[in-house]
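See below for the structure under consideration.
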Amino acid sequence: MTVSSLDLIPDFDLSARNTLALKSRSRFGVMIETPDQVTAVFARAEESGLPLRILGGGSNVVLSSGYEGITAVVATTGRRVLEDTEEHVLVEAAAGEVWHDFVAWTVEQGFGGIENLAGIPGTVGAAPVQNIGAYGAEVADVFDSLVAYDAETGALKTFTAADCAFAYRDSIFKREAGRYVVLSLRLRLPKPWAPNLRFAGLADLEAPLDPAKVMARVLGLRGSKLPDWRVTPNAGSFFQNPIVTLAEAAPVLAAFPTAPNFPQADGRTKLSAGWLIEQTGLKGLRMGRAGISERHALVVINLGEADADDIAALAAHVKASVRARFGIALHEEPIFL
Ligand SMILES: Cc1cc2nc3c(=O)[nH]c(=O)nc-3n(C[C@H](O)[C@H](O)[C@H](O)COP(=O)(O)OP(=O)(O)OC[C@H]3O[C@@H](n4cnc5c(N)ncnc54)[C@H](O)[C@@H]3O)c2cc1C
Numbered sequence: 094m095t096v097s098s099l100d101l102i103p104d105f106d107l108s109a110r111n112t113l114a115l116k117s118r119s120r121f122g123v124m125i126e127t128p129d130q131v132t133a134v135f136a137r138a139e140e141s142g143l144p145l146r147i148l149g150g151g152s153n154v155v156l157s158s159g160y161e162g163i164t165a166v167v168a169t170t171g172r173r174v175l176e177d178t179e180e181h182v183l184v185e186a187a188a189g190e191v192w193h194d195f196v197a198w199t200v201e202q203g204f205g206g207i208e209n210l211a212g213i214p215g216t217v218g219a220a221p222v223q224n225i226g227a228y229g230a231e232v233a234d235v236f237d238s239l240v241a242y243d244a245e246t247g248a249l250k251t252f253t254a255a256d257c258a259f260a261y262r263d264s265i266f267k268r269e270a271g272r273y274v275v276l277s278l279r280l281r282l283p284k285p286w287a288p289n290l291r292f293a294g295l296a297d298l299e300a301p302l303d304p305a306k307v308m309a310r311v312l313g314l315r316g317s318k319l320p321d322w323r324v325t326p327n328a329g330s331f332f333q334n335p336i337v338t339l340a341e342a343a344p345v346l347a348a349f350p351t352a353p354n355f356p357q358a359d360g361r362t363k364l365s366a367g368w369l370i371e372q373t374g375l376k377g378l379r380m381g382r383a384g385i386s387e388r389h390a391l392v393v394i395n396l397g398e399a400d401a402d403d404i405a406a407l408a409a410h411v412k413a414s415v416r417a418r419f420g421i422a423l424h425e426e427p428i429f430l
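So the sequence shown is numbered by the working numbering: it starts at 94 and just counts up by one.
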């Protein structure tokens with residue numbers, strides 16, 4: 094692979110490549126179909142002096158209207174079973190695979206372990222970036238290892254779970270944004286499978302259970318709660334659930350003793366960002382071309398023709414209002430690129 098063999102697309106249109114449907118163009122775009130092309134695109138960016146950013150399925154980003162650089166879309170494919178023993182199944186997928194298709198593929202084979210994470214939009218490569226999670230599970234629970242390109246050294250590196258420093262919606266890949274490109278992910282699905290029914294909404298599932306039954310319930314719940322981004326463009330949960338000290342949570346819990354809160358191992362507690370926003374009276378808010386979903390207070394929506402500035406203005410208003418009402422700071426989950 095030579096640097097010049099990269100197929101750079103000028104004036105790359107990203108409007109259909111982000112779930113918020115923001116009108117967005119990049120000076121150049123490139124589809125990354127082989128791991129070699131990652132090395133090549135970094136070399137090209139350096140050679141040309143242009144900034145470079147990585148995009149997967151565009152489901153956790155707020156894209157600026159115009160980007161004066163190269164947008165590299167990770168589109169590598171491939172998935173396989175590496176080991177199937179009495180203790181576990183080791184599965185691997187390329188970063189550009191669609192996450193939900195990967196989940197469904199494991200479930201179709203009777204493998205359990207990631208069925209609670211079904212229906213999350215985006216790619217396999219982005220899953221460890223914010224340690225995706227839903228319905229009482231997160232990708233770190235079954236993580237084995239991943240291979241990423243390190244732009245600082247120009248070499249490939251294999252990461253263990255400890256290397257990734259996973260936390261709630263966080264990892265080294267998010268903290269050191271721009272440095273690593275995840276190329277492939279390995280998950281270790283434990284055997285025998287035990288359903289994870291900790292989350293309310295799954296607890297009443299009746300035996301006999303299998304991963305497919307749990308996945309079907311998860312998909313049903315997701316469909317009933319979240320607006321479909323294909324109909325109402327959005328980026329899923331727009332704010333992280335704030336993890337705060339008990340002193341910080343005290344005013345909320347004193348005023349609302351039944352406010353949702355989830356004690357953490359470190360003595361802090363996790364509050365519900367959606368609940369805080371709803372109690373602040375912002376559910377269904379309309380602000381210019383952006384708004385808050387009437388179905389879910391955590392979901393910021395594009396009302397049509399919104400751009401990143403509209404989304405940022407709405408987010409700032411929500412953060413200021415929740416802080417004024419409860420003294421709690423919210424942080425955006427999507428990345429402004
Ligand atoms: C309707 C809806 C529901 C959602 N529900 C959930 C949910 O339940 N739980 C949850 O955790 N998330 C959820 N999300 C958020 C989103 O689906 C996840 O964060 C997903 O992992 C993003 O994948 P992506 O490929 O679209 O990443 P992008 O949006 O394309 O990128 C996100 C970030 O990751 C970086 N990135 C992308 N690919 C790579 C790579 N290969 N290597 C290194 N960096 C990379 C990008 O540079 C960017 O910073 C939801 C989103 C939507 C729209």
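The beta carbon of each residue, even a glycine, is placed where N, CA and C say it ideally should be.
If you look at LYS363, you'll find it in the beta strand (DSSP E) that goes 362 to 364.
In terms of CA proximity to ILE147, ARG272 leads the group ARG272, ALA227, GLY377, GLY226. Here DSSP, grouped into helix, strand and coil, assigns ALA241 to strand. Take the alpha-carbon of LEU339 and the one of ALA165: they are about 43 Å apart. Rounded to the nearest whole angstrom, the CA to CA distance from PRO144 to ALA136 is 11 Å. Between VAL415 and THR362, the C-beta spacing is not below 8 Å. For ARG146, the Cβ falls inside the 7 Å cut-off from some heavy atom of ligand 1. In the three-state DSSP reduction, ARG146 falls in the strand class (E or B). Under DSSP, ASP177 forms a beta bridge with VAL182. In terms of Cα proximity to VAL154, the closest of ASP256, ALA211, GLY329, GLY205 is GLY329. The Cβ neighbour count for PHE429, taken over all protein chains shown within 10 Å, is under 16; the residue is labelled exposed. Per DSSP, the continuous alpha helix (DSSP H) segment holding GLY316 begins and ends at 304 to 318. The Cβ neighbour count for HIS424, taken over all protein chains shown within 10 Å, is under 16; the residue is labelled exposed. Straight-line spacing of the CA atoms in GLY162 and ASP100 works out to 15 Å.
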